[in-house]
Amino acid sequence: MIRLYFILLACFVPTLVPAQRMSRAYIPHGAIFYNSRWQGVASADKASYYRVLAVDDSGRKMFYDYFITGQLQAEKHYISLSRQNDRNTVLDGVCRTFHKSGRVESVMQYRNGKADGRALSFFPSGNIGMKLSYRNGVLDGPCYTYNENGHLEYTTLWRNGTKVSETRGGKDHYIDKTTNEDAFCERYRHDEALIMAQSKTVSKRQGIHVSEVKGKKGNTGKTMACNADREDVQMVSGRLPAHAAVMSDRKNTHVRSSKAMTKEERLAADVRYPDGPAGGSAPVKVFGVSAVSGIPPYFFSFPDLYSLLNVDGERMRSTAELAALGRRFRLDVSQTIDGYGTQKEIIFHHNMTYDVQNGRDRVTGSNPRQIGFFGSSAGGRLSIDRINLFTGSEDEMLFFARQAVEAGYKVLGGGEYRASDGNFILEHGNVLAVYGERDVIVTFTHQPGLYAGLYHIQMDVR
């Protein structure tokens, strides 16, 4: 049984991973690369993972690790990190790792580089596997081992690294009698559905098949500890949330301030900017969406931007055309951010800018707004793959969402977008069968520690 208690720790130790031969997702400028042994390498071609540095709401240092294909692999707080050998990175605070499917793999608390506090590990199905307790780097306190069906198999008591007792079954004292839940466990899984949707999006885009294992249902009583049998991840087949991309784009492209772990999981970290029709052309009527009276004419328009991504022939735009679109939305200050190879992001903004050196969005005045176009540049033209929008106006965000809903879009997983505090994903309800047309996923993110606290809307081509 003792070996079981080190399974979770293994989640935070470098593991061997077969060389990746799949196409890579967009990798942000300034990313740190590691090979399968978590040793630093100079380029993405030799890497199995890449790391993006960030700062949480309280100013604490943290980073996000991604598989080279773009799925989130871990998020951790740290004191110091090593670019040469990750074994020398000193962790501090809550750290989470994820299965490639997006399900939480483990949660662990650190203090000055040593495990200190609670630790959890989960089966790929999502069911709780182990609950451990550490103090100063060694097991100390009650530990619970579950089988994959959610049944508590062993309860073990440790004192300063020494096992005092072990019994079959037992009672998980972390589970609240009233809610029948482990609050700590639930706290660090609350965003699992969103992360899974993001991983699915990235995997689809890369042509990778990531199996979704439904949680096995065991007893519905307290032994299910973390509500491990929940099947709350309602993903529509074939639909990938742009949010996943979000994780790999701006969040990755530009290292931005992230929200600590709460509603956190700034998961929506991929930021690439929006793109629209040519110059000052009249709004394109898409899905019969009509103009709404009383709305400022410069508000971002879903129909216009959708038409730039939906049809392959409309995605190639010149810088002049993008500038004209920016002016239409009253955004006349431009900025260009170079990515890897031919990748480029062209931004137009008002009273805000992106600080490339520090990896942060900065608000410089009232009513900050920004639109960005991300894609591959060739011959002075940009093939747009992603559009990112930023606004400080909740009205503008809701107006954009309403236009999308009127065009046939629905909230991923169900629910009401107006009651989501600006955090939801929209996908189109119908499968497009027209040759040359692409599906477009729209991700909405609003977190105090992200993007200077602005509303972020991301449109991704799938």
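Numbering (mature numbering (1 follows the signal peptide of the UniProt record, and there is no 0)) for the sequence shown: -19 to -1, 1 to 443.
For glycine and all other residues, C-beta sits at the position ideal for the given N, C-alpha and C.
All figures in this text were calculated on a predicted structure; none of them were measured in a lab.
Worksheet item: Can you pull the DSSP bridge partners for PRO123?
Response: Answer by DSSP bridge pairing, in chain order: LEU138.
Item to complete: Taking the CB atoms as reference points, tell me whether PHE283 and ALA400 lie closer together than 7 Å.
Response: No; because the gap between Cβ atoms is not below 7 Å, this pair is not in contact.
Fill in: Proximity below 7 Å, CB of PRO429 to CB of ASP38
The answer is yes: Cβ separation under 7 Å.
Worksheet item: Given a threshold of 16 other Cβ atoms within 10 Å of its Cβ, counted over all protein chains shown, does VAL(-7) qualify as buried or as exposed?
Response: Any reading at VAL(-7) must be qualified, since the residue scores a pLDDT of 42, below 50, and its modelled position is unreliable; no value is offered.
Practice prompt. Tell me whether MET440 sits in a helix, a strand or coil according to DSSP, three-state version.
Written response: In the structure shown, MET440 sits in a strand (DSSP, three-state: E or B).
Practice prompt. Using the Cα positions of VAL423 and PHE281, report the straight-line distance between them to the nearest angstrom.
Written response: Approximately 13 Å, taken between the alpha carbons.
Worksheet entry | Spatial distance of ALA382 from ARG308 (CA atoms) | Cα-Cα distance, rounded: 22 Å.
Worksheet item: Can you tell me whether DSSP reads VAL421 as helix, strand or coil?
Response: In this structure, VAL421 counts as strand in the three-state DSSP scheme.
Practice prompt. Please state whether DSSP places VAL337 in a helix, a strand or coil.
Written response: DSSP, read as helix, strand or coil, puts VAL337 in coil.
Fill in: Any 3 or more C-beta pairs closer than 8 Å across the segment 56 to 70 and the segment 146 to 162
Because the criterion of three Cβ pairs below 8 Å is not met, the segment 56 to 70 and the segment 146 to 162 do not touch.
Fill in: Bounding residues of the beta strand (DSSP E) (the contiguous stretch that carries GLY356)
Run containing GLY356: 350 to 359, per the beta strand (DSSP E) assignment.
Worksheet item: Quick one: Cα of TYR436 to Cα of LEU379, how far?
Response: In this structure, the CA atom of TYR436 is about 10 Å from the CA atom of LEU379.
Worksheet item: Using the rule of at least 16 other Cβ atoms within 10 Å of the residue's Cβ for burial, across every protein chain shown, is CYS351 buried or exposed?
Response: Going by the sequence as given, residue 351 is Gln instead of Cys. With at least 16 other beta carbons inside 10 angstroms of its own, GLN351 counts as buried.
Item to complete: State the CB to CB distance for the pair ASP163 and ARG140, rounded to an integer number of angstroms; the pair is presumed to be in contact (CB under 8 Å).
Response: ASP163 to ARG140, Cβ: 22 Å. No contact.
Worksheet item: What residue does the beta strand (DSSP E) around GLU377 start on, and which one ends it?
Response: Not the beta strand (DSSP E): GLU377 falls in the alpha helix (DSSP H), residues 375 to 387.
Worksheet item: Would you call the CB atoms of ASN369 and GLY346 closer than 7 Å?
Response: No, these two residues do not count as a Cβ contact at 7 Å.
Discussion item. I need the boundaries of the alpha helix (DSSP H) containing THR300, first residue and last residue.
Written reply: It spans 300 to 309 - the alpha helix (DSSP H) in which THR300 sits, taken as one unbroken run.
Item to complete: Count the other C-beta atoms from every protein chain shown that fall within 10 angstroms of the C-beta of THR137, then say buried if there are 16 or more, exposed otherwise.
Response: Buried, since its Cβ has 16 or more Cβ neighbours within 10 Å.
Discussion item. Helix, strand or coil for ASP432? Go by DSSP, reduced to three states.
Written reply: Looking at the sequence shown, residue 432 is not Asp but Tyr. Of the three classes helix, strand and coil, the one that applies to TYR432 here is helix, per DSSP.
Practice prompt. Give every residue of the same chain whose Cβ lies closer than 6 Å to the Cβ of LEU303, excluding the five residues on either side of it in the sequence, and list them in chain order.
Written response: For LEU303, where only same-chain residues beyond five positions count, the Cβ hits under 6 Å are ILE327, PHE354.
Fill in: Of the listed residues GLN324, ASP97, TYR279, nearest to ASP313 (C-alpha basis)
Closest option to ASP313, Cα to Cα, is TYR279.
Fill in: Buried or exposed (CB count within 10 angstroms, at least 16 for buried), SER87
Counting the other Cβ atoms within 10 Å of the Cβ of SER87 gives 16 or more, which makes it buried.
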